[in-house]
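Colleague: Sharing a structure below in structure tokens format, with a few things to ask.
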Amino acid sequence: MLKQVNPINIEYQDLRQWLLQQVTAISETLNLSLIEAHNRVLAQDIYSDINVPAFTQSAMDGYAFHSADVSKKMQVITTQFAKKNSEPLTLKPGQAVKIMTGGQLPIGADVVIPREYAIIETLENKSWLQNPNAHEKIWNSGKHIKAVGSDVSKGKCLLKSGQFLGPKEIGLLASCGVHQVEVFRQAKVALLSVGDELIEPGETLKEGEVYNSNQFLLQSFLQKLTVKIKTIESLQDDIAVLEKRLLELSSEVDVILTIGSSSMGDKDWLPKILEVWYQKEMNQITSFKRCKVNMRPAKPFLFAKVKGASLISLPGNPLACYFSFQLFARPYLEQLQNIYFHEKPQLAIISESFNPQPFCRWILVVEDGNMVSPIHTSTSNLIALQQADGFIKIEDNQSIEVGQQVEFYGDFLC
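What follows is the structure, encoded as structure tokens:
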């Protein structure tokens, strides 16, 4: 029988700091087309080769003229559409041009009156812009005009290496003519659920069985992190099968995420396997930590570097699994993929007084404006997770009083 060593106790902050020190960020890169690079991490600083706009243009649909003629009636000589002319149009005094948004401003024009404020009179098949100054609006030089480079100047840094390429970033790059970018390789991840009691949704539950909800929860999170999921497997509580699969995957992926089999039960084989490898086969394990975090939920934690892969083991209870992923696995994966990880808690006011259980550090809450209300639940309650708008962080054994200010994390549920 394999011997199991009792895990050490550790503070959340100390474990988090130690864990992120184990990360060696991916350095391999590849070039992708702009649309293929969506949801990837940029591996280069990108600078604009052009001014945006490249020519002085109208910011509105309307009429362009020189501000010196603002008190005059001006003849509308042509229409300027949203495209640069090969030869710029030149206005003479007393002339105006009907112009569309993005249209090149004629030489001699320095102001645009929006279409809804313009009064146009037609006489003998000629259009005339009536005295714009008759309006309460003031049409000073530069009004409703976009200068060359006013959006983006040539040579400006558009994005830095390490930035996540979402829709806004892709649109910005496209507006400056960028069609290909260098990005970091995606992290390759294996997701393993361990337990004889687990069955897939759609199957009929028998006594003692549960649906493998954690696997679907984490798969959804991993898809949002845009890692490359190499395999998703559900394994029985079989030490030989688990040991064999860990060794195989350690040469194929960057991260192995396991769910369950990580605590002190008789069939929790994972820590026993890793402890034997760590003690007797140092070539297999280069880093190892098994501990109990001084917090709830997500108390048990297990990490190891097995050959070329990092193994992070998450608890089997759904809420504990969720918090362990959010607090440890998620920042690890983001840093691995060169994404700058930063938490952005908001300050909120608690709506009721309560005394948390010992070591309770994270409490699901419902948000209402700047107020939050705790959801009192067990570590296996996924309905509470679905109802929650986020969670709050509190100190160990801290009594919470109504009206107290707390740190609220809402984006972690995204």
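The sequence shown begins at -5 in my numbering and counts up one residue at a time. Note that beta-carbon positions come from the ideal geometry of N, C-alpha and C, so glycine has one too.
Residues in the same chain with beta-carbon distance under 6 Å from ASN133, minus the five sequence neighbours each way, listed in chain order, please.
Modeller: According to the sequence displayed, residue 133 carries Trp and not Asn. VAL64, VAL105, ILE107, PRO126.
Colleague: Could you give the residue range of the beta strand (DSSP E) that holds ILE279?
Modeller: Counting along the chain, the beta strand (DSSP E) containing ILE279 begins and ends at 279 to 287.
Colleague: How would you write the range of the beta strand (DSSP E) that GLN69 sits in, first residue to last?
Modeller: Segment 68 to 74, the beta strand (DSSP E) holding GLN69.
Colleague: At the level of alpha carbons, what is the spacing between PRO325 and LEU14?
Modeller: If you take the alpha carbons of PRO325 and LEU14, they lie about 8 Å apart.
Colleague: Compare the C-alpha of GLY202 against each of ARG10, ASP190, GLY136 and name the closest.
Modeller: Nearest C-alpha to GLY202: ASP190.
Colleague: Looking at GLY254: is its Cβ nearer than 8 Å to the Cβ of VAL300?
Modeller: Contact: no.
Colleague: Label ILE114 either buried or exposed according to how many other C-beta atoms from any shown protein chain fall within 10 Å of its C-beta, with 16 as the threshold for buried.
Modeller: When all chains shown are included, ILE114 counts as exposed.
Colleague: In the DSSP assignment, the alpha helix (DSSP H) including LEU14 goes from what residue to what residue?
Modeller: 6 to 15 is the span of the alpha helix (DSSP H), which, as asked, contains LEU14.
Colleague: Does the separation of the CB atoms of ILE279 and ALA184 fall below 8 Å?
Modeller: Contact flag unset, no.
Colleague: Could you check the C-alpha separation between GLN398 and ILE343 for me, to the nearest Å?
Modeller: Near 6 Å, if we compare the C-alpha coordinates of ILE343 and GLN398.
Colleague: Output needed for LEU28: all residues of its chain with C-beta closer than 8 Å, excluding positions within five of it in sequence on either side, in chain order.
Modeller: Taken in chain order, the residues that qualify are ILE164, LEU167, ALA168, VAL172, HIS173, GLN174, VAL175.
Colleague: Assuming the contact rule is C-beta atoms closer than 8 Å, LEU460 and ALA323 should be a hit. Round their C-beta distance to whole Å, please.
Modeller: Because residue 460 is not part of the residues shown, which for the chain are -5 to 408, the question remains open.
Colleague: Applying the 10 Å Cβ sphere with the 16-neighbour rule, what's the burial state of VAL359?
Modeller: With 16 or more Cβ atoms within 10 Å of its Cβ, VAL359 is classed as buried.
Colleague: Tell me the residue span of the alpha helix (DSSP H) that contains ALA314.
Modeller: Note, ALA314: alpha helix (DSSP H), 312 to 318.
Colleague: Suppose the cutoff is 7 Å on Cβ atoms and the five residues either side in sequence are ignored; what does the same chain contact list for ILE226 look like?
Modeller: Closer than 7 Å at the Cβ level, and outside the excluded window around ILE226, lie LEU185, GLN209, GLN213.
Colleague: Smallest Cα separation from GLY363: which of GLN380, ARG355, SER345?
Modeller: Residue SER345 is the option with its Cα nearest to GLY363.
Colleague: Starting from PHE178, follow its DSSP beta bridges and name the residues at the other end.
Modeller: Note: PHE178 sits in a beta bridge opposite THR23.
Colleague: Hey, SER155 and GLN38: beta-carbon distance below 8 Å or not?
Modeller: Yes. Within cutoff.
Colleague: Quick check on the burial criterion: 16 or more other C-beta atoms within 10 angstroms. Buried or exposed for ASP262?
Modeller: Classification of ASP262: buried, given that the 10 Å Cβ count is 16 or more.
Colleague: Do you know offhand how far TRP122's Cα is from PRO100's?
Modeller: For TRP122 and PRO100, the distance between alpha carbons rounds to 17 Å.
Colleague: Ignore the nearest five residues each way along the sequence and tell me which others in LEU85's own chain have a CB closer than 8 Å to its CB.
Modeller: Once the five neighbours on either side are set aside, the close Cβ partners of LEU85 are ALA58, PHE59, HIS60, ILE71, VAL91, PRO100, ILE101, GLY102, ALA103.
Colleague: Could you check which residue in ASN3, TRP271, ILE2, ARG10 has the C-alpha nearest to that of PHE317?
Modeller: Among ASN3, TRP271, ILE2, ARG10, the Cα nearest to that of PHE317 belongs to ARG10.
Colleague: Pick helix, strand or coil for GLU49, following the three-state DSSP scheme.
Modeller: With the sequence shown as reference, residue 49 is identified as Phe, and Glu is not the correct amino acid for it. Coil, per DSSP.
Colleague: Are VAL177 and LEU330 close, meaning C-beta to C-beta below 8 Å?
Modeller: No. Outside cutoff.
Colleague: Hey, does GLY56 have any beta-carbon neighbour from chain B nearer than 8 Å?
Modeller: This model lacks chain B altogether; it includes just one protein chain.
Colleague: Look up ALA426 in the DSSP assignment and say whether it is helix, strand or coil.
Modeller: Nothing about residue 426 can be read from this structure; the chain reaches only from -5 to 408.
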